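One line per chain: the protein sequences are A and B, in this order. Taking this note's numbering, the leading residue of the first sequence gets -7, the next gets one more, and so forth. Taking this note's numbering, the leading residue of the second sequence gets -7, the next gets one more, and so forth. Where a beta carbon is used, it is the ideal one built from N, C-alpha and C, also for glycine. All values reported here derive from a predicted model rather than from experimental measurement.
Number of protein chains: 2
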Amino acid sequence: MPEFLELLTPEEGISKLLQHMELVVFRSENIRTENGLNRILAGNINSDEDIPAFTRSTVDGFAVIGKDTFGASEVLPAIFEVVGEIQMGKPADIQINKGQACLIHTGGMLPAGADAVVMVENTQYSNSKEIEVYRAVPSGENVILKGEDIMKGDIVLQKGIKIRASEIGALMALGITEIEVYDLPRVGILSTGDEIIPPHNLPELGQIRDINSYSLSAIVEKFGGIPKCYPIIQDDKSKLLNSLRIAHEENDLIIVTAGSSASVRDLTADAINELGSPGVLVHGINVRPGKPTILAYANGKPIIGLPGNPVSAFVIAHLLLRCIMPKLRGEVKTFETQIMKGMITINISSAAGREDWVPVRLLEEENNGLKLVEPIFYKSNLIFSLIDAIGLARIAPEVTGLEANSEVEILLI
Amino acid sequence: MPEFLELLTPEEGISKLLQHMELVVFRSENIRTENGLNRILAGNINSDEDIPAFTRSTVDGFAVIGKDTFGASEVLPAIFEVVGEIQMGKPADIQINKGQACLIHTGGMLPAGADAVVMVENTQYSNSKEIEVYRAVPSGENVILKGEDIMKGDIVLQKGIKIRASEIGALMALGITEIEVYDLPRVGILSTGDEIIPPHNLPELGQIRDINSYSLSAIVEKFGGIPKCYPIIQDDKSKLLNSLRIAHEENDLIIVTAGSSASVRDLTADAINELGSPGVLVHGINVRPGKPTILAYANGKPIIGLPGNPVSAFVIAHLLLRCIMPKLRGEVKTFETQIMKGMITINISSAAGREDWVPVRLLEEENNGLKLVEPIFYKSNLIFSLIDAIGLARIAPEVTGLEANSEVEILLI
């Protein structure tokens, strides 16, 4: 692996791949708005209506002409004739004239003539037909005007935003019950290695069960893609290339985990290069774990080659997919919620220039508002060391380690 | 609403409801492990096997007897006879004797006799049958022992944990391809109000579209439940009670949004009280928005009554479901990722004793490592004000507001 001589940092490697991904072609589909949670809008949404469609009260009270209340106070209330009550869900068929009021409920339609609402707490019936008003309300008080929220023709939601509960509510308010969203990215996952067997089989001596297909599928799902696993591939270039070709055809991103030995890792890079141009962009990243990572792009689709070691594959998949998946999903602005700040309890050393990601366990205590975490030390293959981890603490390439009691950025897993 | 006289804080109200929920009965189902992401384990998982099942190499190199390398260095290498190569995926059928070595790949099975591996970088062939070893390796170096990761009989995963990609990987390593998980909680959602119509209808004057059914469904989905919406209910106690009874039968939690006026809100509490004992536990919470919230428990199931106002319903649903849903899901330890710290850019005032939740917009800048946020001011009904919000900033009951440039806790939406 001569490319190891000048290794990129993960950030540099990802940025190289993302540049090629500027040309990714998106497909879209129409779905019911109520099924849209976490999907990405494929076009701007304009409003066909004013929202609210009519001027409404925001409180329970009496609709009045605001200027009729001027000077009203506890000491000197203004007197109003009550001329009716607004029924919910119906047009307000009452006309308010000078000195008149009508009972109105929160959300009720403001009657003609009225321009403000006095809260019920600031009124009292003096007889069955009249109320005393103890507070002045200027025009517009306690009402939402027609179109105050949204004007007909406004762009309400922008292409590329992620749909949350609030966007679903807003779309329903507009009567938009169907939306166009980008397709979820399909991600093909290929596990290779002569020693790898399906998990439901009992391993013979020397064999181990396939972990990567399943942990990687779950990571893909977590980052909003649709994973598809392919049958385990032996360490044979023509078999690998054959599977890669099928996966490349059927998916938007391919992840292949290499067999364990160095010779086999080169085989993966060779096979990827035959998929199309430009082929392998990065072979080897200055990161631990996961140095032998491959980043490639062939015929409009990204391809990732990961080390076969389940911990390395797990860590690198997190680092890469958190950047690649939002791009493949068509997200314009990604707000990542998977980063937490914590305080590391002991010194950890690292090589200068290399980025390290260390599994950390959450302790019960806090210090200075930061949750305490301690590193989990592990040997190269122990997926079980990740079970106790809340996430991966980053040691930046610029530093040679973290000092005890320093702040640390943790990528939650 | 006489109960408003002594209002609980949200925390107090939730704690009261959670006490009753100690008695919730859980159901479980068996699913395929690969479909288990974000589900909660309904029982402990024990290992039937040692992991690894055989002692393995963690590097590419040569398997040797460690003590044969004592004293080896660049200057004075130790000489070893190479007696073969370990094939991946097969039992190691080689016996290593004093002064012998065999080629081994990462993950390969350690041959009988050997107890350590010299990395290939620290060796060189001196002729086709012999290598020079430049570094001493103590017994156990670069190997993982049989059972070092997991011993047969160990509890690997505890009941009540949430399954992540790492747990799926670990289960597959053990060959556990089916697991027992708790059922996802079913949540019935009822929208009431004479003025409310289904979103695909064109509102007549005075009518508005149902927002709450859909925004609340999305919030339920986000917190890991299965929402079910019921037809819109008119402001009529017997109709409401009838729908509540059906929803109570079919779900694990019921959320009902009240009609808008105060009289109708009392109707909701009355109907809930007829569902069973103990009935309404809390009527009114010292929070803004969302004061008229109802917390109830009837015949083993929690019931939430929310204000009809879409913003209030949205905010309170977030506050309540982040606590209630993990409990209903059977989670033993919840790690919440939906809280972010930020810095507020301007003063916000609040009443003492009352907890406020203010929608905030994310600004591009940071200060002191905190992202800057500014409050979004809104009138009572504007669901659209939430579209621009990254989350809800909390103003604690103990304070009377937030000062500009102070740190603030934000519940992401």
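**Item:** CA-to-CA distance, residue 198 of chain A to residue 395 of chain A, given in whole angstroms
**Value:** The residue you call residue 395 of chain A lines up with position 403 of the first sequence. The residue you call residue 198 of chain A lines up with position 206 of the first sequence. Residue 395 of chain A and residue 198 of chain A: Cα-Cα distance of roughly 40 Å.
**Prompt:** Taking DSSP as the reference, what is the three-state secondary structure of residue 99 of chain A?
**Reply:** Residue numbering aside, residue 99 of chain A sits at position 107 when the first sequence is read from its first letter. It is coil, neither helix nor strand.
**Item:** Strand pairing of residue 332 of chain A, partner residues [DSSP]
**Value:** Residue mapping note: residue 332 of chain A aligns to position 340 of the first sequence, counting from 1. A:402.
**Prompt:** Residues in the stretch 315 to 334 of chain A with C-beta within 9 Å of chain D's C-beta atoms, listed in sequence order?
**Reply:** This model lacks chain D altogether, as its protein chains are A and B.
**Message:** Taking the straight line between their C-alpha atoms, what separation do you get for residue 222 of chain B and residue 320 of chain B?
**Reply:** As a position in the second sequence, residue 222 of chain B is number 230, starting the count at 1. As a position in the second sequence, residue 320 of chain B is number 328, starting the count at 1. Going by the C-alpha atoms only, they are around 21 Å apart.
**For residue 343 of chain A, three-class secondary structure by DSSP** = Within the first sequence, the letter at position 351 stands for residue 343 of chain A. Reduced to three states, the DSSP call for residue 343 of chain A is coil.
**Distance, residue 42 of chain B Cα to residue 144 of chain B Cα** = The residue you call residue 144 of chain B lines up with position 152 of the second sequence. The residue you call residue 42 of chain B lines up with position 50 of the second sequence. Straight-line Cα distance between these residues: approximately 5 Å.
**Residue range of the unbroken beta strand (DSSP E) whose run includes residue 54 of chain A** = Locating residue 54 of chain A in the first sequence gives position 62, counting from the first residue. Element bounds for residue 54 of chain A: 53 to 56.
**Request:** Kindly indicate which three-state DSSP category residue 82 of chain A falls into: helix, strand or coil?
**Result:** To locate residue 82 of chain A, count along the first sequence from 1; it is residue 90. Residue 82 of chain A falls in the coil class under three-state DSSP.
**Message:** Quick check on residue 209 of chain B: buried or exposed, where buried means 16 or more other Cβ atoms within 10 Å of its Cβ?
**Reply:** In the second sequence, residue 209 of chain B corresponds to position 217, counting from 1. Looking at its Cβ environment, which holds 16 or more other Cβ atoms inside 10 Å, residue 209 of chain B is buried.
**Request:** Quick one: list the residues of chain A neighbouring residue 186 of chain B, beta-carbon separation under 9 Å, in chain order.
**Result:** Here residue 186 of chain B corresponds to residue number 194 of the second sequence, with the count starting at 1. Simply 79, 80, 81, 82.
**Prompt:** residue 39 of chain B to residue 147 of chain B, Cα distance in whole Å?
**Reply:** The residue you call residue 39 of chain B lines up with position 47 of the second sequence. The residue you call residue 147 of chain B lines up with position 155 of the second sequence. Residue 39 of chain B and residue 147 of chain B: Cα-Cα distance of roughly 7 Å.
**Request:** Sort A:1, A:107, A:78, A:101 by Cα distance to residue 94 of chain A and report the nearest one.
**Result:** As a first step, residue 94 of chain A is located in the first sequence; it is residue number 102 there, counting from the start. Comparing Cα positions, the closest option is A:78.
**Asked** Based on the DSSP output, what are the partners of residue 117 of chain B in its beta bridges?
**Response** In the second sequence, residue 117 of chain B corresponds to position 125, counting from 1. Answer by DSSP bridge pairing, in chain order: B:123.
**Item:** Nearest-angstrom Cα separation, counted from residue 350 of chain B out to residue 397 of chain B
**Value:** As a first step, residue 397 of chain B must be located in the second sequence, where it is residue number 405. As a first step, residue 350 of chain B must be located in the second sequence, where it is residue number 358. Straight-line Cα distance between these residues: approximately 16 Å.
**Asked** Hey, does residue 198 of chain B have any beta-carbon neighbour from chain A nearer than 8 Å?
**Response** If you number the second sequence from 1, residue 198 of chain B lands on position 206. Yes, because at least one Cβ of chain A sits closer than 8 Å to the Cβ of residue 198 of chain B.
**Request:** Pick out whichever of A:213, A:359, A:266 has its Cα sitting closest to the Cα of residue 234 of chain A.
**Result:** As a first step, residue 234 of chain A must be located in the first sequence, where it is residue number 242. Answer by Cα proximity: A:266.
**Message:** Helix, strand or coil, according to DSSP, for residue 39 of chain A in the structure here?
**Reply:** For the purposes of this step, residue 39 of chain A is identified with residue 47 of the first sequence, where counting begins at 1. Residue 39 of chain A falls in the coil class under three-state DSSP.
**Request:** Express the C-alpha separation of residue 314 of chain B and residue 332 of chain B in angstroms, rounding to a whole number.
**Result:** By 1-based counting over the second sequence, the position of residue 332 of chain B is 340. By 1-based counting over the second sequence, the position of residue 314 of chain B is 322. Their Cα atoms are separated by approximately 14 Å.
**Request:** Would you mind sorting residue 301 of chain A into buried or exposed? The rule is 16 or more other CB atoms within 10 Å of its CB.
**Result:** Taking the first residue of the first sequence as position 1, residue 301 of chain A is located at position 309. By the 10 Å Cβ count, residue 301 of chain A comes out buried.
**Asked** When the Cα of residue 104 of chain A is compared with those of A:86, A:286, A:136, A:330, which residue comes out closest?
**Response** Within the first sequence, residue 104 of chain A is the residue found at index 112, counting from 1. If we check each option's Cα against that of residue 104 of chain A, A:86 comes out closest.
**Chain-ordered residues of the stretch 87 to 106 of chain B with a beta carbon less than 7 Å from chain A** = 97, 98, 99, 101
**Request:** Enumerate, from N- to C-terminal direction, the unbroken alpha helix (DSSP H) stretches of 4 or more residues contained entirely within the stretch 133 to 190 of chain B.
**Result:** 157 to 165
**Request:** Could you tell me which uninterrupted beta strand (DSSP E) segments, each at least 3 residues in length, are contained entirely in the stretch 212 to 273 of chain B, listed from first to last along the chain?
**Result:** 218 to 221, 245 to 249
**Prompt:** Just checking, does the stretch 50 to 62 of chain B make contact with the stretch 117 to 137 of chain B on the three C-beta pairs under 8 Å criterion?
**Reply:** yes
**Request:** Consider the Cβ of residue 108 of chain A: report whether some Cβ of chain B lies at a distance smaller than 8 Å.
**Result:** Residue 108 of chain A sits at position 116 when you count from the first residue of the first sequence. No, because no Cβ of chain B sits closer than 8 Å to the Cβ of residue 108 of chain A.
**Assigned secondary structure, residue 192 of chain B (DSSP; H/G/I helix, E/B strand, else coil)** = As a working note, residue 192 of chain B is residue 200 in the second sequence. Residue 192 of chain B: coil per DSSP, three-state reduction.
**Prompt:** Quick one: which chain A residues come within Cβ less than 7 Å of residue 174 of chain B?
**Reply:** Residue numbering aside, residue 174 of chain B sits at position 182 when the second sequence is read from its first letter. Here the premise fails: no neighbours, minimum Cβ distance about 18 Å.
**Item:** Buried/exposed call for residue 425 of chain A, threshold 16 Cβ in 10 Å
**Value:** What is shown of chain A runs -7 to 405, which leaves residue 425 of chain A out entirely.
**Asked** In chain A, which residues lie less than 7 Å from residue 304 of chain B when you measure between Cβ atoms?
**Response** Position 312 of the second sequence holds residue 304 of chain B. The contacting residues do not exist; residue 304 of chain B stays about 10 Å from chain A at best.
**Asked** For residue 222 of chain A and chain B, any beta-carbon pair shorter than 8 Å?
**Response** Position 230 of the first sequence, counted from the first residue, corresponds to residue 222 of chain A. With 8 Å as the cut-off, residue 222 of chain A does not count as an interface residue toward chain B.
**Message:** Under DSSP, the beta strand (DSSP E) around residue 287 of chain A begins and ends at which residues?
**Reply:** Looking up residue 287 of chain A in the first sequence gives position 295. Start and end: 286 to 290.
**Beta bridge counterpart(s) of residue 388 of chain B as assigned by DSSP** = Mapped onto the second sequence, residue 388 of chain B falls at position 396. DSSP output for residue 388 of chain B lists no bridge partner at all.
**Message:** DSSP three-state label for residue 8 of chain A, please.
**Reply:** As a working note, residue 8 of chain A is residue 16 in the first sequence. DSSP places residue 8 of chain A in helix when its eight states are reduced to three.
**Request:** Please classify residue 209 of chain A: does DSSP put it in a helix, a strand, or coil?
**Result:** Numbered from 1 along the first sequence, position 217 holds the residue referred to as residue 209 of chain A. Looking at residue 209 of chain A - three-state DSSP - the assignment turns out to be helix.
**Asked** So, does the CB of residue 390 of chain A fall closer than 8 Å to a CB anywhere in chain B?
**Response** The residue given as residue 390 of chain A occupies position 398 in the first sequence. So, not an interface residue.
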